[in-house]
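Undergrad: One structure, pasted below without further comment.
Here's what the structure looks like:
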């Protein structure tokens, strides 16, 4: 059952505040990912205060880096169920976890950040991993 | 972050994905919940069994790190007497 919308509103706003576009329906996801070109980061948001509470600030830090994805989109696990389920079909090779992040280039997942790579780590440490991945996969195309 | 308590009021590893090695052939990867007289409780647990697996344990753990944990048990309690060691997955593979 989805969480109270009022509870998750600040978590949504934290994402949109850093420029992420919310995908709340399967159609939204298909439009964004169906024929994706260029570079994109898909953030699977979560209400988990400890993991997502570090993952969102980490992404905000990482997006200050010179090399970054051309677009950031987000689905909310446990809230926008249909959109999250559809998004996960685009990276079905990876086991579902939330929060998590998929780095996509021309429709292909080139890097994936699982929840276990977020748990118990500082936003700075997670951001450092993210910017390294941006440099590795997105440098020549942004 | 060594020593960082991820969920205040709980065990240091509560909510963290760990590798639990046993004295037998099995190694478990899952989210640590708690440890008490029954043993160690894990959630969403993947299992490597050296007696039946085709690849090595290190390959299994690297795959868990890259692709995530394929859960075979929603919840699992590993008796304390079987536990040989517990380590964060991210520390184990890097």
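Protein chains in written order, with this note's numbering: chain A, 37 to 178; chain B, 198 to 291.
Positions of the beta carbon are idealized from the N, C-alpha and C atoms, including for glycine.
Please read these numbers as outputs of a predicted model, since none were measured by experiment.
1. Let me check one thing: in DSSP terms, what residues is residue 245 (chain B) bridge-paired to?
2. Under 8 Å, do residue 173 (chain A) and residue 146 (chain A) count as touching if we go by C-beta distance?
3. Step through the CB atoms of chain A and report whether any lies within less than 8 Å of the CB of residue 286 (chain B).
4. Going by DSSP, what residues sit across from residue 282 (chain B) in a beta bridge?
5. Thinking residue 162 (chain A) and residue 91 (chain A) are a contact (beta carbons under 8 Å), I'd like their distance in whole angstroms, please.
6. Indicate the three-state DSSP secondary structure (helix, strand or coil) for residue 83 (chain A) in the structure shown.
7. Please list, in chain order, all residues of the same chain as residue 38 (chain A) whose beta carbon is under 6 Å from its beta carbon, the five residues on each side excluded.
8. Given a cut-off of 8 Å on the beta-carbon distance, is the pair residue 266 (chain B) and residue 153 (chain A) in contact?
9. With a Cβ-Cβ cutoff of 8 Å, do residue 123 (chain A) and residue 59 (chain A) count as a contact?
10. Could you work out which residue in B:286, B:291, B:282, B:287 is closest to residue 221 (chain B) when comparing CA atoms only?
11. Tell me the DSSP secondary structure of residue 288 (chain B) in three-state form.
12. List, from N- to C-terminal side, the alpha helix (DSSP H) runs of 4 residues or more that fit wholly inside the stretch 50-123 of chain A.
13. Which residue or residues does DSSP assign as beta-bridge partners of residue 274 (chain B)?
TA: On the basis of the data shown:
1. Position 48 of the second chain, counted from the start, is the residue given in the question as residue 245 (chain B). According to DSSP, which records beta bridges pairwise, residue 245 (chain B) is partnered with B:224.
2. Within the first chain, numbered from 1, the residue matching residue 173 (chain A) stands at position 137. Within the first chain, numbered from 1, the residue matching residue 146 (chain A) stands at position 110. Closer than 8 Å, so yes.
3. For the purposes of this step, residue 286 (chain B) is taken as the residue at position 89 of the second chain. By this cut-off, residue 286 (chain B) is an interface position.
4. Here residue 282 (chain B) refers to the residue found at position 85 when the second chain is read from its first residue. Beta bridge pairing from DSSP links residue 282 (chain B) with B:218.
5. The sequence position of residue 162 (chain A) within the first chain is 126, counting from 1. The sequence position of residue 91 (chain A) within the first chain is 55, counting from 1. At roughly 6 Å, the Cβ-Cβ gap stays under 8 Å, so residue 162 (chain A) and residue 91 (chain A) are in contact.
6. Residue mapping note: residue 83 (chain A) aligns to position 47 of the first chain, counting from 1. The answer is coil: DSSP assigns residue 83 (chain A) none of H, G, I, E or B.
7. Walking along the first chain from the start, residue 38 (chain A) turns up at place 2. The answer, listed in chain order, is 115.
8. By 1-based counting over the second chain, the position of residue 266 (chain B) is 69. By 1-based counting over the first chain, the position of residue 153 (chain A) is 117. No, the Cβ-Cβ distance between residue 266 (chain B) and residue 153 (chain A) is not below 8 Å.
9. Mapped onto the first chain, residue 123 (chain A) falls at position 87. Mapped onto the first chain, residue 59 (chain A) falls at position 23. Closer than 8 Å, so yes.
10. Locating residue 221 (chain B) in the second chain gives position 24, where the first residue counts as 1. Between residue 221 (chain B) and the set B:286, B:291, B:282, B:287, the nearest pair of CA atoms involves B:282.
11. Translated into positions along the second chain, residue 288 (chain B) becomes position 91. Looking at residue 288 (chain B) - three-state DSSP - the assignment turns out to be helix.
12. The stretch 50-123 of chain A is shown to contain whole alpha helix (DSSP H) runs of 4 or more residues at 62-69, 88-98, in chain order.
13. By 1-based counting over the second chain, the position of residue 274 (chain B) is 77. Paired residues: B:238.
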